[in-house]
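Novice: Supplied in structure tokens, the structure appears directly below.
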Amino acid sequence: MSNRAGVWSIVILAAVMLVFTGCAQKQGAETESVQTQQEQSAQAQAGQQKTAAEQEQEEESEEVEEYGVSEEKAEEEGAATEQGLRDKAKQTLKERIHFAFDSSELSKQAQDLLKSKAKILKKNPGLKIVIEGHCDERGTDEYNMALGERRARAAYEYLILLGVDADRMNLVSYGEERPLVQGDDEQAWAKNRRDEFKIKR
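Below, the structure is given as structure tokens:
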């Protein structure tokens with residue numbers, strides 16, 4: 005009788021141990037599962053942070069390109085900062101375009117520069133500009149005033165075609181009244197046949 009009691013005690017003890025061992029294994033598996041989920045979550049967050057950083061870098065690159073200068077050139081010129089980009093934009097907006105003698109036709113170079121100006125203006129809707137048409141000293145005052153207006157209007161209409169609102173631009177002709185350089189030769193005259201662009205305050 006005592007032998008049976010001893011056997012039963014051993015069996016019960018073994019069963020209890022098996023139950024506790026099973027619970028411990030289950031708890032260990034659950035802990036491992038939680039740790040795995042935490043690791044996966046951390047990896048996902050790191051991936052999202054990386055993606056956000058990459059996206060920000062791409063946006064900065066696009067912003068640099070929108071100012072009409074490559075990212076490499078911007079870094080070389082110290083224009084990679086936000087202030088540098090603003091300065092570069094203002095410089096581009098103020099750049100002159102030039103015309104052939106007795107012509108208001110936009111050259112390919114002038115069109116390319118106007119495209120850069122249009123990008124800046126569309127990106128900065130608060131900016132307004134004045135387009136000034138100028139001529140060399142040849143021709144009558146009346147003729148040159150009209151030619152200066154045609155030159156200013158050529159740039160104005162091209163910018164409108166590129167998507168710039170008309171009410172953000174004003175036109176003025178100075179004819180031959182405000183030469184950029186003094187001189188009676190083609191070199192001086194070529195510099196004076198131009199459009200000037202002024203940022204309105």
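All residue numbers in the sequence shown are consecutive under the working numbering, ending with 205. Virtual Cβ for every residue (Gly too), placed ideally from N, Cα, C.
Is DSSP giving residue 204 helix, strand or coil here?
Specialist: Residue state, collapsed to three classes: coil.
Novice: So, residue 200 versus residue 100, is the Cβ gap smaller than 8 Å?
Specialist: yes
Novice: Give the single residue among 92, 179, 147 whose Cα lies nearest to the Cα of residue 124.
Specialist: 92
Novice: For residue 119 versus residue 175, is the C-beta distance shorter than 8 Å?
Specialist: no
Novice: Using beta-carbon positions only, say whether residue 163 and residue 114 come within less than 8 Å of one another.
Specialist: In this structure, residue 163 lies away from residue 114, with their beta-carbon atoms at least 8 Å apart.
Novice: Please state if the CB of residue 103 and the CB of residue 172 are separated by a distance shorter than 8 Å.
Specialist: no
Novice: Roughly how many angstroms lie between the CA atoms of residue 126 and residue 195, to the nearest whole one?
Specialist: 28 Å
Novice: Measure the alpha-carbon distance for residue 160 versus residue 197 and round it to whole angstroms.
Specialist: 16 Å
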